[in-house]
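All remarks here apply to the structure that follows.
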Amino acid sequence: YHRAALVILKGDANYRRLLSDAHWAPTAPFSKVTGYFSAPLVALRTLKAEIIVGLAPGRAERLTAEDREWLVNGRRGVIQARLPN
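Taken in order, the sequence shown gives residues 2 to 86; the numbers are from the working numbering.
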């Protein structure tokens with residue numbers, strides 16, 4: 002994959018692998034956490050596990066106030082990208 006123009010990862014399990022199944026701060030930048038990955042990438046994911054990065058400050062708290070199970074109930078998803086400048 003290091004020579005790929007773009008890698009697209011789909012699914013919660015692949016997202017967790019991409020983040021080394023570690024519990025990062027929700028505000029940790031996606032680009033920094035995935036910086037080890039040599040190719041540009043896009044991750045598509047339905048939230049089904051308590052692991053996420055790249056959220057704006059306060060967003061996780063607002064979502065938790067709205068729905069305590071937002072990270073695991075599959076009702077929300079994210080599309081995150083780390084692309085060259």
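Yeah, the Cβ is synthetic: ideal placement off N, Cα and C, and Gly gets one too.
Under the three-state DSSP convention, the category A57 falls into: coil
task: Report buried or exposed for I52, applying the criterion of at least 16 other Cβ atoms within 10 angstroms of its Cβ.
output: buried
message: So, under 8 Å CB-CB, G12 and R63 are touching, yes? Tell me the CB distance rounded to an integer number of Å.
response: The Cβ separation is near 26 Å, so there is no contact.
query: Where does T47 fall in DSSP's three states?
result: strand
query: Around the Cβ of Y37, are there at least 16 other Cβ atoms within 10 angstroms (buried) or fewer (exposed)?
result: exposed
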